[in-house]
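Student: With numbering that gives the first Met the number 0, letter number 105 in the sequence shown gets 104, and the count goes up by one each step, no holes.
We treat Cβ as the ideally placed atom computed from N, Cα and C, and that holds for glycine.
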Amino acid sequence: MLSVDAIKSFLKNDSLNVMVFDELDSTNSEAKRKAKQDFSAPFLILADSQTNGRGRLGRSFYSPSATGIYLSYVYVPDGEIASVVAVTSAAAVAVSRAIESVTSKSAKIKWVNDIYIDGKKVCGILCEAVTTGASSVVIVGIGINVSTVYFPNELSEKAGSLSSGDINRNRLAAEVVNQLEAVIEGLSTRDFINDYKERSLVLGKQVTYIKNGEETVAEAVDIDRDGGLIVTLSDGSINTLNSGEISLKI
Ligand code: BTN
Numbered sequence: 000m001l002s003v004d005a006i007k008s009f010l011k012n013d014s015l016n017v018m019v020f021d022e023l024d025s026t027n028s029e030a031k032r033k034a035k036q037d038f039s040a041p042f043l044i045l046a047d048s049q050t051n052g053r054g055r056l057g058r059s060f061y062s063p064s065a066t067g068i069y070l071s072y073v074y075v076p077d078g079e080i081a082s083v084v085a086v087t088s089a090a091a092v093a094v095s096r097a098i099e100s101v102t103s104k105s106a107k108i109k110w111v112n113d114i115y116i117d118g119k120k121v122c123g124i125l126c127e128a129v130t131t132g133a134s135s136v137v138i139v140g141i142g143i144n145v146s147t148v149y150f151p152n153e154l155s156e157k158a159g160s161l162s163s164g165d166i167n168r169n170r171l172a173a174e175v176v177n178q179l180e181a182v183i184e185g186l187s188t189r190d191f192i193n194d195y196k197e198r199s200l201v202l203g204k205q206v207t208y209i210k211n212g213e214e215t216v217a218e219a220v221d222i223d224r225d226g227g228l229i230v231t232l233s234d235g236s237i238n239t240l241n242s243g244e245i246s247l248k249i
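1. Considering only their Cβ atoms, is the gap separating A217 from T231 smaller than 8 angstroms?
2. Could you please go through the chain and list the residues whose beta-carbon is closer than 5 angstroms to any non-hydrogen atom of ligand 1?
3. Less than 8 angstroms between the C-beta atoms of I116 and L161, yes or no?
4. Please report the straight-line C-alpha distance between S82 and S187, rounded to a whole angstrom.
5. At which residue ranges does the stretch 113-190 contain complete alpha helix (DSSP H) runs of 4 or more residues, listed in the order of the chain?
6. Can you find the residues in the same chain that come closer than 6 angstroms, C-beta to C-beta, to N51, ignoring five residues on each side of it along the sequence?
7. What's the gap between the Cα of L10 and the Cα of S146?
8. Using a threshold of 8 angstroms, state whether the C-beta atoms of N112 and I124 are closer than that.
9. Taking the C-alpha atoms as reference points, what is the distance between I44 and V176?
10. Can you give me the C-alpha to C-alpha distance between Y208 and S134, rounded to a whole angstrom?
11. With H, G and I counted as helix, E and B as strand and the rest as coil, what does DSSP make of T87?
12. By the three-class DSSP mapping on this structure, what secondary structure does Y74 have?
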């Protein structure tokens, strides 16, 4: 069972405001509502299940009860706006480190921020920003399939889970937040980028990306300091892809 006390017992930041719900439409949506009511950040929202879990590019995120972690960490960014862009990739590194510290599995990242274990997607991340009046907050939404066995048909080929059930979700959720707070703290240094590149499933590979409905084949050659994917096209030109509108196949 997810519980505030159990999560807090593993958290490094013991002043973090943690809220746990049995069911929400979406922890990111609840975080947005709270941010709009001037709820003071940082805070953390978790739900045991979501009825309308949201993913990138308008997709949904399958969020059954008891077998996953669905959380939104909300914080006030300091200064540099590019750092907010970089938080998406930083979060993927943080979750990978947390998964590796709690399980013995090695976590890889498919650009932008899908986390793969043994060839299956086990985690998705959706970062959003909310501005109310003069202040802005960033919402880092993270969904991890911890022990989900059955996925809907359309996901069953691609989606996987961390294990069949022996992982303490309170500990893993807290470790995700511990790692996330550490990368956010050092975000302006971009120290996480090397780790991101080492975990990348796409660097050095031929990728196909879809932008505005148009498919392009390119080679993924590097990640820039904001997490953009640098690709070379067959005519030798170089492009940097930013996450917003891109769907990537490898
Ligand atoms: C993706 O794979 O496209 C991103 C999925 C992000 C899912 C998480 S679950 C917690 C948070 N609340 C949401 O509605 N979405 C994110």
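Tutor: Answer, in terms of the structure:
1. Yes.
2. So the residues near ligand 1 by this Cβ test are S25, T26, N27, G52, R53, G54, R55, F60, Y69, G123, L125, G140, G142.
3. I116 is a Cβ neighbour of L161, given a cutoff of 8 angstroms.
4. Distance between the alpha carbons of S82 and S187 is about 6 angstroms.
5. Counting whole runs of 4 or more residues, the stretch 113-190 contains the alpha helix (DSSP H) stretches 168-184.
6. The residues D24, S25, in chain order, have a CB closer than 6 angstroms to that of N51 in the same chain once the five nearest residues on each side in sequence are set aside.
7. Each residue's alpha carbon lies about 22 angstroms from the other.
8. Yes, these two residues count as a Cβ contact at 8 angstroms.
9. Take the alpha-carbon of I44 and the one of V176: they are about 11 angstroms apart.
10. The alpha-carbon atoms of Y208 and S134 are separated by roughly 35 angstroms.
11. Three-state result, T87: helix.
12. Shown here, Y74 sits in a strand according to DSSP, grouped into three states.
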